[in-house]
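S.K.: The structure is given below, and queries will be raised subsequently.
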Amino acid sequence: MTIPYLLHQFLAATARRSPDQTAVVFGERSLSYGTLGVLTNQLAKVLRAHGVGSGDRVGIYVSKSIASVVSVFAILKTGACYVALDPKAPAQRLAYIVRDSGIKILLTSSMKATDIPVMFPDDCPLNTVVLVDCDVPRESLSISMPDGVALVQWDEVITQSTMSLPENLAVETDTAYILYTSGSTGSPKGVMISHRNSLTFVNWATECVGLTVADRVSNHAPLHFDLSTFDIFSSCRVGATIILVPEEASTFPVQLVKLIERERITVWYSVPTALTLMVLYGNLTAHDLSCLRTIIFAGEVFPTKYLQKLMTALPQTRYMNWYGPSETNVCTFYEVPQLDPERTAPIPIGKACANSEVFAITSVGNKLTKPGESGELYVRGPSLMQGYLGQPEKTGKVLVRNPFNSLFDELVYKTGDIVTVDADGNYVYQGREDGMIKTRGYRVELGEIETVLYGHPAIREVAALAAPDELLGNRLCAIISLHDGKTLTREDVLAFCNQRLPRYMLPDVIEFRETIPKTSTGKIDRVNLADSISSQ
Amino acid sequence: MESLINAHITRAVLSKPDFSLKHDTPLFESQILDSLSLLKLVLFLEKEFGVVVPAEELVPENFKTIDAMCAYIRSKQGKG
Chain H
22 MTIPYLLHQF
32 LAATARRSPD
42 QTAVVFGERS
52 LSYGTLGVLT
62 NQLAKVLRAH
72 GVGSGDRVGI
82 YVSKSIASVV
92 SVFAILKTGA
102 CYVALDPKAP
112 AQRLAYIVRD
122 SGIKILLTSS
132 MKATDIPVMF
142 PDDCPLNTVV
152 LVDCDVPRES
162 LSISMPDGVA
172 LVQWDEVITQ
182 STMSLPENLA
192 VETDTAYILY
202 TSGSTGSPKG
212 VMISHRNSLT
222 FVNWATECVG
232 LTVADRVSNH
242 APLHFDLSTF
252 DIFSSCRVGA
262 TIILVPEEAS
272 TFPVQLVKLI
282 ERERITVWYS
292 VPTALTLMVL
302 YGNLTAHDLS
312 CLRTIIFAGE
322 VFPTKYLQKL
332 MTALPQTRYM
342 NWYGPSETNV
352 CTFYEVPQLD
362 PERTAPIPIG
372 KACANSEVFA
382 ITSVGNKLTK
392 PGESGELYVR
402 GPSLMQGYLG
412 QPEKTGKVLV
422 RNPFNSLFDE
432 LVYKTGDIVT
442 VDADGNYVYQ
452 GREDGMIKTR
462 GYRVELGEIE
472 TVLYGHPAIR
482 EVAALAAPDE
492 LLGNRLCAII
502 SLHDGKTLTR
512 EDVLAFCNQR
522 LPRYMLPDVI
532 EFRETIPKTS
542 TGKIDRVNLA
552 DSISSQ
Chain X
-13 MESLINAHIT
-3 RAVLSKPDFS
7 LKHDTPLFES
17 QILDSLSLLK
27 LVLFLEKEFG
37 VVVPAEELVP
47 ENFKTIDAMC
57 AYIRSKQGKG
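Residue numbers (our numbering), protein chains in the order written: chain H, 22 to 557; chain X, -13 to 66.
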């Protein structure tokens, strides 16, 4: 057998080795690895018949369900890459992503398919929509599609031959998926991750957690969020069971805790916010969570206060903090030891993962930082993204030549994150110098919010700011000044943003001012504004 | 009570004051509420109607629609 070098080869191997093992659980429904292998073969055949292959981008537009996992593997099997569209994002943003990535074929479910005529304008490249209705057995529906868009029913998929496609439709440097992330100039950027980039992370993560066939792994993050790649691909590699966390269960902390108990989840991976909500409103100690052996969090800083409470409520569990922007996959990790109850300082992001190296460079003199000095974190290794789709300039600003490699032009990733090193050699995150912040675990470029708001005809000037918030990470604030004679309400502004930005990017606070304070150099005085907001 | 909660959801949570929200609209399936907006709403309800919502009662049965919320709050008020 070949050593897997493509993500979907894990599925082929696991489906052969343990076809009866449960692959995915979603509420009352589940799917074995054998069935997952067969369904993805059939769906991949339909996609191939519509011309999908290496280098193509295929969209996935479904609410989290078994169809999400089936779609991911079917697309990869054709040699193409998947672009997961946030099912809750506004139509304008989705239409932008479809155009930007050149999606011609979209996988969706009957539930979501009715959105399509509204969502996609005439100039978008979409020509085929395939209904992936493996979650709810149903009759063929006649859903009207825009002109020139063909609709393929699920019946057509499940009558295909179940044999697998050739495995060599891609090479490891082909793009496996594209993750869209906030961009400072007003449009999201597509981070291209190859099979090799992803496998570097998946292989390390599987070993780091010690994942086995006996594990039951939560999938809390949505598919368009990079946390989902551990849940899906690491589980698939060892034949573990993926427990999809239904969107409605994520809403109620007690339901999440009950889900962990009922499904005997052994490994939980999510943003800290979800865990904080469980600590505060989940009644953790009233439930039997003895199966839960490992909790991993990533995406933002876990407030130490709530991490302490979580560790006290579940003392037998192993805790890990993973760090890494979408562009690098996870590149450092920290296993949380018993914490001093008096501790308030945030825990470190830790040390480099296997097959990754990280270093920090001082802002003055471009030297490696010494202990105690702060500097910008750089990452090198095979987990780094291929680049931003169609954005060579933006790519060139972050994938830069390694100043310490004199042998050849090696690219390293410049994270923009400022770190120090502690006495044990662990990196500690300190903050950022630019306008990128985290809220609810999502990355937000404040500039993107500003650009959108500048698009409103009544707005003269705007500053987007972040105010630290224990629960959200950050609250987003928009300070707005209007053109003379114009009026605008908070609701008007939100309604305008609602059509253009995903929900997590909507300002939590909106304030109108006559003028926006400036520094002596004429720049927006962010320090002054931040002070005036946090003192409220 | 129903219309007060309705107005709060459409204005403060949804930011669409013109949105016509029925008292039996399923709030979660239709993506009107999510985990964080629900918690903000709970804080509003606790303050507005003088009730305390314990973790075990923060479940869909009590919050799935505006009607369900009102029935839940009234039962709490009746006890208090």
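The beta carbon of each residue, even a glycine, is placed where N, CA and C say it ideally should be.
Given the structure is predicted, the values throughout are model-derived calculations rather than measurements.
Pull the bridge partners of H/LEU265 from the DSSP assignment, please.
M.R.: Taking the first sequence and counting its residues from 1, one reaches residue 265 of chain H at position 244. BP columns for H/LEU265 point to H/ASN240.
S.K.: Answer with buried or exposed for H/MET406, where buried requires no fewer than 16 other C-beta atoms within 10 angstroms of its C-beta.
M.R.: Position 385 of the first sequence, counted from the start, is the residue given in the question as residue 406 of chain H. Result: buried.
S.K.: Counting contacts by CB-CB distance shorter than 8 Å, is X/ALA54 in contact with chain H?
M.R.: One-based indexing of the second sequence puts residue 54 of chain X at position 68. No, because no Cβ of chain H sits closer than 8 Å to the Cβ of X/ALA54.
S.K.: What residues match up with H/LEU18 in a beta bridge as DSSP calls it?
M.R.: Absent from the structure is residue 18 of chain H, since the part of chain H shown begins at 22 and ends at 557.
S.K.: Considering only the beta carbon of each residue, do H/ILE81 and H/LEU97 sit closer than 8 Å?
M.R.: Stepping through the first sequence from its first residue, residue 81 of chain H is reached at position 60. Stepping through the first sequence from its first residue, residue 97 of chain H is reached at position 76. It is not a contact, given that the beta carbons lie outside the stated cut-off.
S.K.: Is the beta carbon of H/ARG464 sitting closer than 8 Å to the one on H/VAL433?
M.R.: Here residue 464 of chain H is taken as the residue at index 443 of the first sequence, counted from 1. Here residue 433 of chain H is taken as the residue at index 412 of the first sequence, counted from 1. No, these two residues do not count as a Cβ contact at 8 Å.
S.K.: Per DSSP, which one or two residues make a beta bridge with H/ASN495?
M.R.: Working through the first sequence from its first residue, we reach residue 495 of chain H at position 474. In the DSSP output, where bridge partners are listed per residue, H/ASN495 has H/PRO489.
S.K.: Below 7 Å on C-beta distance, what does X/ARG(-3) contact in chain H?
M.R.: As a working mapping, residue -3 of chain X is identified with position 11 in the second sequence. GLU512, listed in chain order.
S.K.: Taking only beta carbons into account, state which residues of the stretch 99 to 129 of chain H come closer than 9 Å to chain X, listed in chain order.
M.R.: The stretch 99 to 129 of chain H vs chain X, Cβ under 9 Å: PRO108 and LYS109.
S.K.: Pull the bridge partners of H/THR149 from the DSSP assignment, please.
M.R.: For the purposes of this step, residue 149 of chain H is taken as residue 128 along the first sequence, with counting starting at 1. Beta-bridge pairing links H/THR149 to H/ILE126 and H/ALA171.
S.K.: Give me the chain X residues within the contact set of H/ARG461, using Cβ-Cβ distance strictly less than 8 Å, ordered along the chain.
M.R.: Residue mapping note: residue 461 of chain H aligns to position 440 of the first sequence, counting from 1. LEU22, listed in chain order.
S.K.: Taking the beta strand (DSSP E) that H/THR396 falls in, what are its first and last residues?
M.R.: Walking along the first sequence from the start, residue 396 of chain H turns up at place 375. What sits at residue 396 of chain H in the sequence shown is Gly, not Thr. H/GLY396 -> beta strand (DSSP E) spans 396 to 401.
S.K.: Thinking C-alpha only, which one of H/TYR450, H/LEU493 and H/SER122 is nearest H/ILE439?
M.R.: To locate residue 439 of chain H, count along the first sequence from 1; it is residue 418. H/ILE439 has its Cα closest to that of H/TYR450, out of H/TYR450, H/LEU493 and H/SER122.
S.K.: Note down, in chain order, every chain H residue with its Cβ under 8 Å from the Cβ of X/VAL45.
M.R.: Taking the first residue of the second sequence as position 1, residue 45 of chain X is located at position 59. Ordered by position in chain H, the residues that pass the 8 Å Cβ test against X/VAL45 are PHE273, VAL275 and GLN276.
S.K.: Tell me, please, which residues DSSP counts as bridged to H/TRP343.
M.R.: The residue labelled residue 343 of chain H in the question sits at position 322 within the first sequence. Beta-bridge pairing links H/TRP343 to H/ALA319 and H/PHE354.
S.K.: Select from H/ALA487, H/SER255, H/GLU228 and H/CYS229 the residue whose C-alpha is nearest the C-alpha of H/SER239.
M.R.: For this step, residue 239 of chain H is matched to residue 218 along the first sequence. When only C-alpha atoms are compared, the closest one is H/SER255.
S.K.: Anyone know if the C-beta pair for H/LYS66 and H/LEU186 falls short of 8 Å?
M.R.: For the purposes of this step, residue 66 of chain H is taken as the residue at position 45 of the first sequence. For the purposes of this step, residue 186 of chain H is taken as the residue at position 165 of the first sequence. Contact: yes.
S.K.: Is it a yes or a no for the stretch 493 to 506 of chain H touching the stretch 219 to 234 of chain H, going by three-plus beta-carbon pairs under 8 Å?
M.R.: Result no; under three Cβ-Cβ pairs closer than 8 Å.
S.K.: Helix, strand or coil: how does DSSP classify H/ASP438 here?
M.R.: For the purposes of this step, residue 438 of chain H is taken as residue 417 along the first sequence, with counting starting at 1. Strand at H/ASP438.
S.K.: Should H/ALA101 go down as buried or exposed, given a rule of 16 or more other Cβ atoms within 10 Å for buried?
M.R.: In the first sequence, the residue the question calls residue 101 of chain H occupies position 80. With 16 or more Cβ atoms within 10 Å of its Cβ, H/ALA101 is classed as buried.
S.K.: Based on Cα-Cα distance, which residue from H/PRO523, H/PRO478, H/LEU277 and H/ILE317 lies nearest to H/HIS245?
M.R.: Here residue 245 of chain H refers to the residue found at position 224 of the first sequence. With distances taken between Cα atoms, H/HIS245 lies closest to H/PRO523.
S.K.: Go through its chain and collect everything with a Cβ distance to H/GLN412's Cβ below 7 Å, but skip five positions before and after it.
M.R.: Translated into positions along the first sequence, residue 412 of chain H becomes position 391. Excluding positions up to five away in sequence, the list reads LYS210.
S.K.: Is the shortest distance between the beta-carbon of H/TYR302 and the beta-carbons of chain A less than 8 Å?
M.R.: Looking at the structure shown, chain A is missing, and the protein chains on hand are H and X.
S.K.: Thinking just about the alpha-carbon of each residue, which of H/ARG120, H/LEU486 and H/LEU428 is nearest to the one in H/ASP552?
M.R.: Reading the first sequence from its first residue, position 531 is the one you call residue 552 of chain H. Closest by alpha carbon: H/LEU486.
S.K.: For the stretch 20 to 38 of chain X against the stretch 278 to 289 of chain H, are there 3 or more C-beta pairs whose distance is under 8 Å?
M.R.: Segments in contact, no.
S.K.: Report yes if the C-beta of H/VAL178 is less than 7 Å from at least one heavy atom of the ligand ATP; otherwise report no.
M.R.: With respect to the ligand ATP, the structure offers nothing, as it holds no ligand at all.
S.K.: In angstroms, rounded to a whole number, what distance separates the CA positions of H/ILE501 and H/ILE531?
M.R.: Taking the first sequence and counting its residues from 1, one reaches residue 501 of chain H at position 480. Taking the first sequence and counting its residues from 1, one reaches residue 531 of chain H at position 510. Those two C-alpha atoms are separated by around 7 Å.
S.K.: Just mark H/ASN218 as buried or exposed, buried being the case when its beta carbon has 16 or more other beta carbons within 10 Å.
M.R.: To locate residue 218 of chain H, count along the first sequence from 1; it is residue 197. Classification for H/ASN218: buried.
S.K.: H/PRO138: which of H/ASP156, H/LYS109, H/GLY169 and H/GLY123 sits nearest, CA to CA?
M.R.: Numbered from 1 along the first sequence, position 117 holds the residue referred to as residue 138 of chain H. When each option's Cα is compared against that of H/PRO138, the closest is H/GLY169.
S.K.: In the DSSP assignment, the alpha helix (DSSP H) including H/SER5 goes from what residue to what residue?
M.R.: Residue 5 of chain H lies beyond the stretch modelled for chain H, which goes from 22 to 557, so this question has no answer here.
S.K.: Tell me the DSSP secondary structure of H/PHE380 in three-state form.
M.R.: On the first sequence, position 359 is the one that residue 380 of chain H refers to. If DSSP states are grouped into helix, strand and coil, H/PHE380 belongs with the strands.
S.K.: So, at 8 Å on beta carbons, what are the nonlocal neighbours of H/TYR525 in its own chain, with the 5 sequence-adjacent residues on each side left out?
M.R.: Residue mapping note: residue 525 of chain H aligns to position 504 of the first sequence, counting from 1. Here the set comprises THR460, ARG461, TYR463 and VAL465.
S.K.: For H/THR56, which option in H/GLU535, H/ALA33, H/THR221 and H/GLY72 has the closest C-alpha, if you only look at C-alpha atoms?
M.R.: Counted from its first residue, the first sequence places residue 56 of chain H at position 35. Checking every option, the nearest Cα to that of H/THR56 belongs to H/ALA33.
S.K.: Give me the Cα-Cα distance between H/LEU298 and H/ILE317, rounded to the nearest whole angstrom.
M.R.: The residue you call residue 298 of chain H lines up with position 277 of the first sequence. The residue you call residue 317 of chain H lines up with position 296 of the first sequence. The alpha-carbon atoms of H/LEU298 and H/ILE317 are separated by roughly 15 Å.
S.K.: When we look at the beta-carbon of H/ILE470 and count the other beta-carbons within 10 Å, is it buried (16 or more) or exposed?
M.R.: Locating residue 470 of chain H in the first sequence gives position 449, where the first residue counts as 1. Its Cβ being crowded by 16 or more others within 10 Å, H/ILE470 is buried.
S.K.: Going by the CB atoms, is the gap between H/SER86 and H/ASP156 shorter than 8 Å?
M.R.: Your numbering for residue 156 of chain H matches position 135 in the first sequence. Your numbering for residue 86 of chain H matches position 65 in the first sequence. Yes.
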